[in-house]
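Some notes on the structure that comes next.
Residue numbers (the working numbering), protein chains in the order written: chain A, 3 to 112; chain B, 2 to 118.
Below, the structure is given as structure tokens:
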């Protein structure tokens, strides 16, 4: 099927690290993306990783990719209250279509 | 200087009515999309257009008809609205078609919350 799975909810305290996990389906997806959706807004690209990489770091964000298990994760270091949002992973499935994960709602408490 | 804009932001209407949502992008992109996000936040693609040509048409009822008068606009017309059409509809655009050969960011509009009573 085309379901890209994520855990629904994650709650952390400010200053902790957050790890959001994603299991994707299409092993031929050459790019994998992480998008952020703040309340009442559209999605915004956070970062992406090329499939020949295992890891990508971008300031507080670290993306890990395990192609064998089709597992993608997003780590946010020093999580802030402004990071509270819904996070979506996405893969390019088949031909010209971006398929989004089920979304993880991150709640950061002071 | 909004990149992708949609109107209206909110739309409340009765079952059976016909309504349209407009989308415009000023990024000079070739490809535009419509997505539906349901109450559980699941986001699914409905349509994509490239240079005014329909590329993707997911299993969407015929009551939904996209129209692209030019590359910068992709409007969504919905006939005979049903309760199940209630959702947030997002327009998006990208420089080119999504593909495996290159990185390609999609830029999203702020969404239109449609409520069918």
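Backbone N, C-alpha and C define an ideal beta-carbon position, used for all residues, glycine too.
Exercise for the section: Compile a chain-ordered list of the residues in the segment 87-99 of chain A whose CB is closer than 9 Å to at least one CB of chain E. Expected result: The chain inventory of the structure shown lacks chain E, comprising the protein chains A and B.
Exercise for the section: Classify residue 29/B as helix, strand or coil using the three-state DSSP reduction. Expected result: coil
Exercise for the section: Using three-state DSSP, classify residue 10/A as helix, strand or coil. Expected result: coil
Practice task
Could you confirm whether any beta carbon from chain B is found closer than 7 Å to the beta carbon of residue 47/A?
Solution key: yes
Problem - Partner residues on chain A for residue 54/B, Cβ-Cβ distance less than 9 Å - result: The contacting residues do not exist; residue 54/B stays about 12 Å from chain A at best.
Practice task
Taking residue 104/B and residue 37/A to be in contact with their CB atoms under 8 Å, please state how far apart those CB atoms are, rounded to whole angstroms.
Solution key: Contact flag wrong, Cβ pair sits at about 14 Å.
Practice task
Report yes if the C-beta distance between residue 94/A and residue 85/A is below 7 Å; otherwise report no.
Solution key: no
Exercise for the section: With 7 Å as the C-beta to C-beta threshold (strictly closer), list the residues of the segment 80-113 of chain B near chain A in chain order. Expected result: 91, 98, 99, 100, 101, 104, 106, 107, 109, 110, 111 and 112
Exercise for the section: Give, in chain order, every unbroken run of the beta strand (DSSP E) that is at least 3 residues long and sits entirely within the segment 35-91 of chain A. Expected result: 45-52, 57-60, 63-68 and 73-78
Practice task
Please determine, among 17/B, 24/B and 20/B, the residue with the shortest C-alpha to C-alpha distance to residue 112/B.
Solution key: 24/B
Problem - Boundaries of the beta strand (DSSP E) in which residue 136/B is found, first to last residue - result: The displayed coordinates of chain B run from 2 to 118. Any statement about residue 136/B would go beyond what the structure contains.
Practice task
Please check if any C-beta of chain A sits within less than 7 Å of the C-beta of residue 42/B.
Solution key: yes
Handout entry: Where residue 46/B meets chain A, residues with beta-carbon distance less than 9 Å
Key = 99, 100, 101 and 102
Handout entry: Near-chain B residues of the segment 18-50 of chain A - C-beta to any C-beta below 9 Å
Key = 30, 31, 32, 33, 35, 37, 39, 42, 43, 44, 45, 46, 47 and 50
Handout entry: Whole-angstrom distance between residue 72/A and residue 29/A, CA atom to CA atom
Key = 7 Å
Exercise for the section: Kindly confirm or deny that the segment 6-19 of chain B and the segment 37-50 of chain B touch, where touching means at least three C-beta pairs closer than 8 Å. Expected result: no
Problem - 8 Å Cβ cut-off: residues of chain A touching residue 49/B - result: 98 and 99
Problem - Contact residues within the segment 55-87 of chain A, judged by C-beta distance below 7 Å to chain B - result: none
Exercise for the section: On the DSSP bridge assignment, give the partners of residue 112/A in chain order. Expected result: DSSP, once it has assigned bridges, lists no residue as partnering residue 112/A.
Problem - Min CB distance residue 22/B to chain A below 7 Å - result: no
Problem - Test item: CB-CB of residue 32/B and residue 95/B under 7 Å - result: yes
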